[in-house]
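Peer 1:
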Amino acid sequence: MDLYTPARLARVVEDLRDDPAVGTFLVSTFFAEQSISREEAVYFDVLTGKPRLAPFCSPLVEGQIVESLGYKTNSFTPAYIKDKRVLEDGKAIRRRPGMPIAAGLDPYAIRLMTIDTETEDQIRMVRRRMEWMASSALRTGTITVTGEKYPTTVVNFGRDPSLTVTLTGGDIWGSGTDTPLDDLEEYAGLVRDASGASPIDVIMAQNVFKAFRKNDDVKELLSGDRSSPSTTIDLAPNSYKYGATFMGNVGAFRIWVYSDSYVADDGSTQKYVPDGWLLMVSDQLEGVQHFGGIKDEAYGFQVTDFFQKSWTQPDPAVRFLMLQSAPLVVPYRINASLSAKVI
1 MDLYTPARLA
11 RVVEDLRDDP
21 AVGTFLVSTF
31 FAEQSISREE
41 AVYFDVLTGK
51 PRLAPFCSPL
61 VEGQIVESLG
71 YKTNSFTPAY
81 IKDKRVLEDG
91 KAIRRRPGMP
101 IAAGLDPYAI
111 RLMTIDTETE
121 DQIRMVRRRM
131 EWMASSALRT
141 GTITVTGEKY
151 PTTVVNFGRD
161 PSLTVTLTGG
171 DIWGSGTDTP
181 LDDLEEYAGL
191 VRDASGASPI
201 DVIMAQNVFK
211 AFRKNDDVKE
221 LLSGDRSSPS
231 TTIDLAPNSY
241 KYGATFMGNV
251 GAFRIWVYSD
261 SYVADDGSTQ
271 KYVPDGWLLM
281 VSDQLEGVQH
291 FGGIKDEAYG
301 FQVTDFFQKS
311 WTQPDPAVRF
321 LMLQSAPLVV
331 PYRINASLSA
341 KVI
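Read left to right, the sequence shown gives residues 1 to 343 (UniProt numbering).
Right under this line is the structure:
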């Protein structure tokens, strides 16, 4: 059996694409819809209409013409991802991690295991890149794309500047004079005024939640005269599992702690929600995972999110395994989100 046909490799990709071990809380929660295009560029519309009132007129006069809601169409050619791995022929006869030292497997069985392992890692890397895009879009309203022979490009989704907040002085959470409950209510109002959407989910960095739970007003919601039946939040110490941890409800808000991290291009470890930050997002964000066309003529310009192929080089004897993708996450209603640096 040929292990390296596109059909066989596509089956491997299909089996591994939903790996639960990859931290993709933001993408899976707020960018669940997927759009795959044959075109190289990704096109997305941004609504520009304002909340208007219907005009009055006499029933005896001709109806007034009201302009339709405006929008503008943006286009962007995603930076292409070409993750290429080298599978040396010698690796097919070497013991893999966890295998018995004295009992080897058939070289083709070892190679099949290697393909699965490498493919899993390739997909995880693309998923992390998409989660990084989602984090950047929700935190800054923009995504900055740069790469080898790809000019640095800022994709600006046009979020209202009032929806990126930085607290100072005594307003900083944990300062002793902070009012986090009032802040959350105010932030929700900003989102509602800018988009008409009501935000529900609040995603906090770990140190932000620690400051939040220490606040006296928050504690009073769970006990005493101010206790709220709609507030059921766990204020006890938590180890915070991989992926977002649901902490409970505070009034109308669902509170999450998201402390997953990734290794950035410069080798440093960064968090998807940096220390000191929180995100507030509505389920009306209309986030979409877009994938541009795969530029590979030999395989028919595939219309798919991930495309993998393999080929050999005779001397030195090497097999290559390459995964291609052209992703971009787009929040169509970007004003249904807010970010705040509260510490």
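C-beta atoms are modelled at their ideal positions from N, C-alpha and C, and glycine is treated no differently.
Report all residues from its chain with a CB closer than 7 angstroms to the CB of aspartate 234; omit the five preceding and five following residues, and keep chain order.
Peer 2: Stepping through the sequence shown from its first residue, residue 234 is reached at position 234. Around aspartate 234: Met247 and Gly248.
Peer 1: Is tryptophan 277 near the ligand SAH, judged by its Cβ being under 7 angstroms from some heavy atom?
Peer 2: Annotation note on the ligand SAH: not contained in the displayed structure, which lists no ligands.
Peer 1: Between proline 161 and alanine 340, what straight-line distance do the alpha-carbon atoms span, to the nearest angstrom?
Peer 2: Taking the sequence shown and counting its residues from 1, one reaches residue 161 at position 161. Taking the sequence shown and counting its residues from 1, one reaches residue 340 at position 340. For proline 161 and alanine 340, the distance between alpha carbons rounds to 12 angstroms.
Peer 1: Spell out the partners DSSP gives methionine 280 in its beta bridges.
Peer 2: Against the sequence shown, residue 280 aligns to sequence position 280. DSSP, once it has assigned bridges, lists Val202 and Leu338 as partnering methionine 280.
Peer 1: Sort out for me which residues DSSP pairs tryptophan 311 with in a bridge.
Peer 2: Indexing the sequence shown from 1 puts residue 311 at position 311. Phe320, per the DSSP bridge assignment.
Peer 1: I'd like to check one pair, arginine 38 with valine 303: are the Cβ atoms closer than 8 angstroms?
Peer 2: Along the sequence shown, one-based indexing puts residue 303 at 303. Along the sequence shown, one-based indexing puts residue 38 at 38. The answer is yes: Cβ separation under 8 angstroms.
Peer 1: Identify which residue in Val318, Pro199 and Arg129 has its Cα closest to the Cα of threonine 146.
Peer 2: Indexing the sequence shown from 1 puts residue 146 at position 146. Among Val318, Pro199 and Arg129, the Cα nearest to that of threonine 146 is on Arg129.
Peer 1: Between Val86, Ser28 and Glu33, which has its C-alpha nearest alanine 317's C-alpha?
Peer 2: Taking the first residue of the sequence shown as 1, we reach residue 317 at position 317. Answer by Cα proximity: Val86.
Peer 1: Do you know how far the Cα of threonine 177 is from the Cα of arginine 124?
Peer 2: On the sequence shown, position 124 is the one that residue 124 refers to. On the sequence shown, position 177 is the one that residue 177 refers to. If you take the alpha carbons of arginine 124 and threonine 177, they lie about 43 angstroms apart.
Peer 1: Quick one: Cα of leucine 167 to Cα of valine 342, how far?
Peer 2: Reading the sequence shown from its first residue, position 167 is the one you call residue 167. Reading the sequence shown from its first residue, position 342 is the one you call residue 342. Straight-line Cα distance between these residues: approximately 5 angstroms.
Peer 1: In three-state terms, what does DSSP make of serine 223?
Peer 2: Translated into the one-based positions of the sequence shown, residue 223 becomes position 223. Serine 223 falls in the coil class under three-state DSSP.
Peer 1: Name, in chain order, the residues that DSSP records as bridge partners for glycine 291.
Peer 2: On the sequence shown, residue 291 is found 291 positions in, with the first residue counted as 1. Checking the sequence shown, residue 291 turns out to be phenylalanine, not glycine. Per DSSP, Ile36 and Pro327.
Peer 1: What three-state label does DSSP hand glutamine 270 in the structure shown?
Peer 2: Locating residue 270 in the sequence shown gives position 270, where the first residue counts as 1. Correct three-state label for glutamine 270: strand.
Peer 1: Who pairs with phenylalanine 246 in a beta bridge, going by DSSP?
Peer 2: One-based indexing of the sequence shown puts residue 246 at position 246. Paired residue(s): Trp256.
Peer 1: So, with DSSP's three-state summary, where would you put proline 237?
Peer 2: Within the sequence shown, numbered from 1, the residue matching residue 237 stands at position 237. It is coil, neither helix nor strand.
Peer 1: So if DSSP puts arginine 159 in a beta bridge, which residue, or which two residues, is it bridged to?
Peer 2: Counting from 1 along the sequence shown, the entry for residue 159 is found at position 159. Arginine 159 is not bridged to any residue.
Peer 1: Taking the alpha carbon of tyrosine 187 as the reference point, which residue from Ala336, Val27 and Ile143 has its own alpha carbon closest?
Peer 2: Taking the sequence shown and counting its residues from 1, one reaches residue 187 at position 187. Nearest C-alpha to tyrosine 187: Ala336.
Peer 1: Which residue comes first and which comes last in the alpha helix (DSSP H) that contains aspartate 83?
Peer 2: Translated into the one-based positions of the sequence shown, residue 83 becomes position 83. Here aspartate 83 belongs to no alpha helix (DSSP H); instead the beta strand (DSSP E) covers 81-88.
Peer 1: Give the DSSP-derived three-state secondary structure of tyrosine 332 in the structure shown.
Peer 2: Sequence index remark: in the sequence shown, residue 332 carries index 332 (1-based). Here tyrosine 332 sits in coil by DSSP.
Peer 1: Using a Cβ-Cβ cut-off of 8 angstroms (strictly less than) and excluding sequence neighbours within five positions of lysine 214, which residues of its own chain qualify?
Peer 2: Within the sequence shown, numbered from 1, the residue matching residue 214 stands at position 214. The answer, listed in chain order, is Gly174.
Peer 1: Are valine 155 and isoleucine 143 closer than 8 angstroms when you measure CB to CB?
Peer 2: Taking the first residue of the sequence shown as position 1, residue 155 is located at position 155. Taking the first residue of the sequence shown as position 1, residue 143 is located at position 143. The answer is yes: Cβ separation under 8 angstroms.
Peer 1: With a CB to CB cut of under 7 angstroms and the five nearest residues on each side skipped, what residues in its chain are close to phenylalanine 212?
Peer 2: Residue mapping note: residue 212 aligns to position 212 of the sequence shown, counting from 1. Closer than 7 angstroms at the Cβ level, and outside the excluded window around phenylalanine 212, lie Trp173, Pro180, Met204 and Val218.
Peer 1: Let me know if glycine 23 comes out buried or exposed under the rule of 16 or more other beta-carbons within 10 Å of its beta-carbon.
Peer 2: Here residue 23 refers to the residue found at position 23 when the sequence shown is read from its first residue. Glycine 23 is buried by the Cβ-count criterion.
Peer 1: Let me know the secondary structure DSSP gives isoleucine 172 once reduced to three states.
Peer 2: The residue labelled residue 172 in the question sits at position 172 within the sequence shown. Isoleucine 172 falls in the coil class under three-state DSSP.
Peer 1: Note down the Cα distance separating threonine 77 from valine 42, rounded to an integer number of angstroms.
Peer 2: By one-based count along the sequence shown, residue 77 stands at place 77. By one-based count along the sequence shown, residue 42 stands at place 42. Spanning the two alpha carbons is a distance of roughly 6 angstroms.
Peer 1: So valine 303 is in the beta strand (DSSP E); what residue range does that whole segment cover?
Peer 2: The residue you call residue 303 lines up with position 303 of the sequence shown. No beta strand (DSSP E) holds valine 303; DSSP gives it neither H nor E.
Peer 1: Between the Cα of phenylalanine 25 and those of Thr232, Ile115 and Tyr272, spot the shortest distance and give me the residue it belongs to.
Peer 2: Sequence index remark: in the sequence shown, residue 25 carries index 25 (1-based). Answer by Cα proximity: Tyr272.
Peer 1: Please determine, among Phe307, Arg192, Thr140 and Asp265, the residue with the shortest C-alpha to C-alpha distance to leucine 279.
Peer 2: The count along the sequence shown starts at 1 and reaches residue 279 at position 279. Measuring from the Cα of leucine 279, the nearest candidate turns out to be Thr140.
Peer 1: By the three-class DSSP mapping on this structure, what secondary structure does isoleucine 143 have?
Peer 2: Position 143 of the sequence shown holds residue 143. Note: isoleucine 143 maps to strand in three-state DSSP.
Peer 1: By Cβ distance, which residues of its chain are closer than 6 angstroms to isoleucine 250, with the 5 residues on each side in sequence left out?
Peer 2: Within the sequence shown, residue 250 is the residue found at index 250, counting from 1. In the sequence as displayed, the identity of residue 250 is valine instead of isoleucine. Taken in chain order, the residues that qualify are Thr231 and Ile233.
Peer 1: Report all residues from its chain with a CB closer than 7 angstroms to the CB of alanine 197; omit the five preceding and five following residues, and keep chain order.
Peer 2: Here the question's residue 197 lines up with position 197 in the sequence shown. Excluding residues within five positions, the ones whose Cβ falls inside 7 angstroms are Val191, Ser282, Gln284, Arg333 and Ala336.
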